[in-house]
Amino acid sequence: GPLIAAVGFALFALPGVGGSYWLTVFPAAVVLGLGLTVTVAPLTTTVMNAVEESHSGLASGINNAVSRTGGVLAIAVFGIVVSGVFGQSLDERQTDLAMPAEAQRALDAERDQLAGMIPPPDLDADATAAVERAIDESFLAGYRLAMLLGAAMAAASAVVAWWLIGERRPPG
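Under my numbering, think of the first position of the sequence shown as 1, with each following residue one higher.
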C-alpha cells in the first residue's frame, strides 16, 4: 500500500505547467487513492483487533485522532516547503525579469498568494507573460518537491513496515 501511494505522489510531481486534468492529475490521484485504500483499511482493522472489545471506542478515537493530526501536520509541513521553495525560486527568476522597482514591490506584496499572484498591471504583454511564467514555474518547483517528499516518506514507511513486521510465525 505505501509503495503504491509513493508512486501516486511521484506521479503528481511529473506534470508541468498546464496540461489536461485527465492526463496529468487524475492518474496520480487514482494511484495515490489506491495506495491509501490498501493501507488505511488494514491499518484500522489491525488497530481495532489489537484491543479488547470493551476498549474499541477508545482505540477508534485514538486511531481517528492520530490520522487527522497526521494529515493536518503533513499539510502544514508541505505548505511550508511549497511556500519556501516558491519564494526562493521566484527570487531567482525575478532578478532575470529586469522589472522596474515599483513593479518589483507590487509583485513582492502578492507573494503570499503563491500561484494566485497577479502580475503588476503596468507591465507590457511580454513582461506580463514572463512574470506569469515565473510565478507558475516557481509554484511548480515547490509543489514538485512537496510531492517527491511525500513519495519518499511513503516509500520509507513501506520499508519500515517491512522491516518491523517481517514474517510472523504462530507461537509454538
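All residues carry an ideal CB built from backbone N, CA and C; glycine is no exception. These figures come from a predicted structure and were not determined experimentally.
Straight-line Cα distance separating Pro121 from Ala155: Translated into the one-based positions of the sequence shown, residue 155 becomes position 155. Translated into the one-based positions of the sequence shown, residue 121 becomes position 121. Between the alpha carbons of Ala155 and Pro121 lies a gap of roughly 45 angstroms.
Option in Trp163, Ala158, Leu164, Glu53 with minimal Cα separation from Val7: Working through the sequence shown from its first residue, we reach residue 7 at position 7. Ranked by how close their Cα comes to the Cα of Val7, the residues Trp163, Ala158, Leu164, Glu53 have Ala158 in first place.
Three-way DSSP call (helix, strand, coil) for Gly70 in this model: One-based indexing of the sequence shown puts residue 70 at position 70. Gly70 carries a helical assignment under DSSP once its states are collapsed to helix, strand and coil.
Outcome for Pro42 when other beta-carbon atoms lying within 10 angstroms are tallied against a minimum of 16: For this step, residue 42 is matched to residue 42 along the sequence shown. Exposed, since its Cβ has fewer than 16 Cβ neighbours within 10 Å.
Environment of Glu139 [buried if 16+ CB atoms lie within 10 Å]: The residue given as residue 139 occupies position 139 in the sequence shown. Before going on, a small fix: residue 139 reads as Phe here, not Glu. Counting Cβ neighbours within 10 Å, Phe139 comes out buried, since at least 16 surround it.
Reduced DSSP category for Glu92 - H, G, I as helix; E, B as strand; rest coil: Position 92 of the sequence shown, counted from the first residue, corresponds to residue 92. Reduced to three states, the DSSP call for Glu92 is helix.
Stretch pair the stretch 134 to 150 + the stretch 5 to 19: three plus CB contacts closer than 8 angstroms: The stretch 134 to 150, when compared against the stretch 5 to 19, does touch it at the 8 angstroms Cβ threshold.
Leu123 in three-state terms, based on DSSP: As a position in the sequence shown, residue 123 is number 123, starting the count at 1. In the structure shown, Leu123 sits in coil (DSSP, three-state: anything other than H, G, I, E or B).
Cβ pair Val17, Glu137 closer than 8 angstroms: In the sequence shown, residue 17 corresponds to position 17, counting from 1. In the sequence shown, residue 137 corresponds to position 137, counting from 1. Yes, the Cβ-Cβ distance between Val17 and Glu137 is below 8 angstroms.
Proximity below 8 angstroms, CB of Ile135 to CB of Leu90: Counted from its first residue, the sequence shown places residue 135 at position 135. Counted from its first residue, the sequence shown places residue 90 at position 90. Result yes, Cβ atoms of Ile135 and Leu90 sit closer than 8 angstroms.
Residue range of the alpha helix (DSSP H) that includes Gly35: The residue labelled residue 35 in the question sits at position 35 within the sequence shown. Here the alpha helix (DSSP H) through Gly35 covers 21 to 49.
Leu58 versus Asn64 - alpha carbon distance: In the sequence shown, residue 58 corresponds to position 58, counting from 1. In the sequence shown, residue 64 corresponds to position 64, counting from 1. Roughly 10 angstroms between the two C-alpha positions.
First through last residue of the alpha helix (DSSP H) which encompasses Ala6: One-based indexing of the sequence shown puts residue 6 at position 6. Looking at the DSSP string, the run of the alpha helix (DSSP H) that includes Ala6 is 2 to 13.
Under 8 angstroms between C-beta atoms of Val76 and Gly35: Translated into positions along the sequence shown, residue 76 becomes position 76. Translated into positions along the sequence shown, residue 35 becomes position 35. The amino acid at residue 76 is misidentified as Val; the sequence shows Ala. Pairing Ala76 with Gly35 gives a Cβ-Cβ distance that is not under 8 angstroms.
Local Cβ density within 10 Å of Pro119, reported as buried at 16 or more and exposed below that: Numbered from 1 along the sequence shown, position 119 holds the residue referred to as residue 119. Under this definition Pro119 is a buried residue.
Residue environment, Phe86, which counts as buried when at least 16 other CB atoms sit within 10 Å: Residue numbering aside, residue 86 sits at position 86 when the sequence shown is read from its first letter. The residue in question, Phe86, is buried, as its Cβ has 16 or more Cβ neighbours within 10 Å.
Neighbourhood of Thr95 by C-beta distance below 6 angstroms, restricted to the same chain and skipping five residues each side: Translated into positions along the sequence shown, residue 95 becomes position 95. For Thr95, where only same-chain residues beyond five positions count, there are no Cβ hits under 6 angstroms.
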